[in-house]
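Asks: Right, I'll just put the structure down here and ask away after.
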């Protein structure tokens, strides 16, 4: 029997007494999209770095809107994954193993935003610092709530691979198969709700931080975020090669 520890939530298929891991179509679509998205990310990084020293405030504001729309595009593309493939988001096969090791609920922790701000912006005013701390406290609280919810759901996930395998080889009766289908559907729904909550927290945290910063500070923040994202990608691909 073969397995794949890097992608534990891909579909399990049994053929001729051999277990195989099969990725569904959304994986291939998202993989292609993500590669193109990273190319555009590199282009935006170059524009952001240039904007720090050369652009007017109006030009910076226009660029900021474009970059934020670029991130929104990624969220919208991931949202196209069918409900029955939601587990792919917890261990995305289009990411490197290093990138996956940094994930929290299908994406980066919202608190990472504050670490990036600390590294990118060194001229926060007292009022900005105070407002930033308030957002931090709120973010940490909501992160904890989502982490606890996910931990409870993960206890249910543990038993599913063996149940799915038993179904494939015909060890379950019709009633048991129906119960398994209901359990998987309920778990998919619960996991999707957690992901939506995490995505909402990521977006709201970033939005609140952007509201606190000035245009030039936002440009520096977005440039540092892009550098982190792209460098993480390069390191991950190097380690996997």
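In UniProt numbering, the protein residues as written are 1 to 241.
Glycine included, C-beta positions come from ideal geometry on N, C-alpha and C.
These numbers were taken from a predicted model, which means no experiment stands behind them.
1) Within the continuous alpha helix (DSSP H) that includes residue 235, where are the two ends?
2) Grab the span of the alpha helix (DSSP H) containing residue 119 for me, first residue to last.
3) Note down, in chain order, each residue of its chain lying with its Cβ closer than 7 Å to the Cβ of residue 190, except the 5 sequence neighbours on either side.
4) Taking buried to mean at least 16 other C-beta atoms within 10 Å of its own C-beta, is residue 41 buried or exposed?
5) Pick helix, strand or coil for residue 94, following the three-state DSSP scheme.
6) Going by beta carbon distance, what residues of the same chain come within less than 6 Å of residue 114, once the five residues before and after it are set aside?
7) Could you check which residue in 198, 99, 131, 107 has the C-alpha nearest to that of residue 144?
8) To which residues of the same chain is residue 111 closer than 7 Å at the C-beta, ignoring the five residues directly before and after it?
9) Answer with buried or exposed for residue 107, where buried requires no fewer than 16 other C-beta atoms within 10 angstroms of its C-beta.
Replies: Taking the geometry as given:
1) Note, residue 235: alpha helix (DSSP H), 215 to 240.
2) Boundaries of the alpha helix (DSSP H) harbouring residue 119: 112 to 120, taken from the DSSP string.
3) Answer for residue 190: 153, listed in chain order.
4) With a 10 Å radius around the Cβ and a threshold of 16 neighbouring Cβ atoms, residue 41 comes out buried.
5) When DSSP states are grouped into helix, strand and coil, residue 94 belongs to the coil group.
6) The answer, listed in chain order, is 136.
7) Measuring from the Cα of residue 144, the nearest candidate turns out to be 198.
8) Listed in chain order, the non-local C-beta contacts of residue 111 below 7 Å within the same chain comprise 139, 140, 143, local neighbours out to five positions each way being set aside.
9) By the neighbour-count rule (16 or more Cβ atoms within 10 Å), residue 107 is buried.
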